[in-house]
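Numbering-wise (the working numbering), the sequence shown opens with residue 65 and increments by one. The C-beta atom is built at its ideal place from N, Cα and C for all residues, glycine as well. As the structure is a computational prediction, the values presented were derived from the model and not from experiment.
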Amino acid sequence: MLPVFLKELTDQFGSRRFMLITLIIVITGLFSSYTASGALGEEQFLSEEYLFLNLFTSAGGGLPSFLFFISFFGPLLGIILGFDAINGERTRGTLSLILSQPVYRDVIINGKFLASIATVAIMIASIMVMIAGISIAKLGVVPNGQEVMRALLFFVACVLYVAFWTSLAILFSIVFEKSSTSALMSIALWIFLAFFVYMIAGVIADEVYPITQQSDPELLAKHESLRTMLLRFSPAVLLEEISIALLNPTVRVFGPMFESQLKGLILTPLSLGQSVLVIWPQFVALIAASIVCFAVSYLAFMRKEIRSV
65 MLPVFLKELT DQFGSRRFML ITLIIVITGL FSSYTASGAL GEEQFLSEEY LFLNLFTSAG
125 GGLPSFLFFI SFFGPLLGII LGFDAINGER TRGTLSLILS QPVYRDVIIN GKFLASIATV
185 AIMIASIMVM IAGISIAKLG VVPNGQEVMR ALLFFVACVL YVAFWTSLAI LFSIVFEKSS
245 TSALMSIALW IFLAFFVYMI AGVIADEVYP ITQQSDPELL AKHESLRTML LRFSPAVLLE
305 EISIALLNPT VRVFGPMFES QLKGLILTPL SLGQSVLVIW PQFVALIAAS IVCFAVSYLA
365 FMRKEIRSV
């Protein structure tokens, strides 16, 4: 599998479309972090804890946060890496040529998927290292061990998030014969899960638990809980909740809370283990979505009829 992995990795880094989307993410992400560091460096923020982590979630200078760019451009990067992984090879006639050699099918799809994940991991890690450089150079803040561990878990969540979209694009490249069709289907599903899911979740919650100005707090809580549960079918929402809990140690719970639950609550920062417990269901859901999507792609490719076109 190593030759397939290295060949795909070389192709990914040499692809013009990959270089374009990477350039956009790098430039906008670094500019956003740089402007955010200017806002965080003001006097009223100097004593704030976990200053380094705020660079990933803070916006400044009219630019959204780095988290927003990963959430928005990450699916596009995954789709670019996978939408023609199989049908592109079939169209060029190289897939049947490769399989005519003593090469197992699973080696091909495993090598392609691992090369895509390695490409994403290298790109995100490089950007985060540059952001750390901005933190040290402009703010004079060196991240401590707790912040480094939280940043590493945030990095893993970002890679898993893009891995889901990569495996989904590879699945569509197996199912559909044309690369244009697989790309359009991937983008359509991304638009649905990123934008329309908010409207659909709101409509369903309004139908099941209709609320008015006279609604009691219990009904409002049920309405919001149902809406939040439906929103978690979107990987972008899972990444957002994971990132908020990891990068903001004071976050303890997602969703509505009653006033009785807030009494006596001291907003001290949680330890890393406690923060992981808060977002463990979201982390497991994101891992499961990536694994299931790749497993379906794997099975579909193993049963696919491969012929030259």
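In the three-state reduction of the DSSP assignment, Leu334 falls in the coil class, being assigned neither a helical nor a strand state. Comparing C-alpha distances from Ile195 to each of Phe116, Pro333, Ile150 shows the shortest one belongs to Phe116.
Per DSSP, Val317 lies in no alpha helix (DSSP H) and is assigned neither H nor E.
Burial is judged here by how many other beta carbons sit within 10 angstroms of a residue's own beta carbon; Val226 has at least 16 and is buried. By the Cβ criterion, the stretch 310-318 is not in contact with the stretch 269-288, since fewer than three pairs of Cβ atoms, one from each stretch, lie closer than 8 Å. The continuous stretches of alpha helix (DSSP H) do not include Ala201, and DSSP gives it neither H nor E.
Look at the beta carbons and you see the stretch 226-238 touching the stretch 174-182: at least three pairs across the two are nearer than 8 Å. Two segments are said to touch when three or more pairs of C-beta atoms, one from each, lie closer than 8 Å; by this definition the stretch 161-170 does not touch the stretch 247-256. Under the 8 Å Cβ criterion, the stretch 204-222 counts as touching the stretch 295-313, having at least three qualifying pairs. When the beta-carbon positions are compared, Phe147 and Ala247 come within less than 8 Å of each other.
By the Cβ neighbour-count rule, Pro299 is buried, with 16 or more other Cβ atoms within 10 Å of its own.
Rounded to the nearest whole angstrom, the CA to CA distance from Gln76 to Gln278 is 57 Å. Shown here, Tyr262 sits in a helix according to DSSP, grouped into three states. Exclusion of the five residues before and after Glu305 leaves Phe318, Ile343, Gln346 as the residues of its chain whose Cβ lies within less than 7 Å of its Cβ. Glu241 sits in coil when the DSSP states are folded into three classes, being neither helix nor strand.
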